[in-house]
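Residue numbers for the sequence shown follow this note's numbering, beginning at 663 and rising by one.
One structure is given below, encoded as structure tokens.
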Amino acid sequence: MTALLTRRTVRAGMAAAAALAAIAVTSGPASAAELDITYDASGSTDVATTGSTIALGPTTLATSLDSTTGAFTGTMELPAAHTDFDAAGFIPMSADVTFEEVGQVSGSLSADPAGGGSDVSATAEYDIRLSDIKVVGFPTFTGSRCRTKEPVTITIANPPDQPFAVFSGGRLTGSYSIGDFANCGLNTWLVNALVPGGGNTIALDLSNPRTS
663 MTALLTRRTV RAGMAAAAAL AAIAVTSGPA SAAELDITYD ASGSTDVATT
713 GSTIALGPTT LATSLDSTTG AFTGTMELPA AHTDFDAAGF IPMSADVTFE
763 EVGQVSGSLS ADPAGGGSDV SATAEYDIRL SDIKVVGFPT FTGSRCRTKE
813 PVTITIANPP DQPFAVFSGG RLTGSYSIGD FANCGLNTWL VNALVPGGGN
863 TIALDLSNPR TS
């Protein structure tokens, strides 16, 4: 009887092991490592050449994180914004500005050496489109096709003294350069005389993370 029970126990254990193996093969470890997190995002960017500040958001940043490697991709569509500045320091100008996403945000997440959070570095590309440009309040009839010839590449990271918390959020900052514009009609020369240049900064606050 004891030998019979032992054989039955062994067979039951082998069957359970086979079932667990089948589940592991079907589900696969890669899917278990992927974590989808969406953040509320808002911030601003300062354009050095015009001395103007442009609001970014409010919007959302939807990310897909590989919790094994720390690599992630994401999407963040930005609504159109309005900006005012003085050309040459005394000529009032205004424009509607749209950052149009090109591809996905990509980056990596790593443990902060000081502890207490994570370090984030990411890169995103956007076309910058200008419309409704006005000089001293008068429209310049730029049209709807005025945009950068090439996408701007924006690099962002958490400030060194402010680790990022995956499940609570944090601040990301960075810088980028703006290249020449095209298709701005008779105002192409004016836009390219005023806007392109380096030293532009960006700050984003991510909050309210939720998984899906």
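Using N, Cα and C, we set each Cβ at its ideal position, and we do this for glycine too.
- The closest CA to that of I816, considering only I795, E762, P822 and G805, is found on E762.
- The straight-line gap separating the alpha-carbon atoms of V782 and F800 is approximately 43 Å.
- In the DSSP assignment, the residues bridged to E763 are Y788.
- Secondary structure note for T817: it is in no alpha helix (DSSP H), and the uninterrupted beta strand (DSSP E) holding it is V814 to A819.
- Burial of T804 is indicated by the presence of at least 16 other C-beta atoms within 10 angstroms of its C-beta.
- Relative to D758, the option among A717, G832, P858 and G861 whose CA is nearest is A717.
- In the DSSP assignment, N854 falls within the alpha helix (DSSP H) that extends over T850 to L856.
- Looking at the backbone, the Cα of T735 and that of S768 are separated by about 4 Å.
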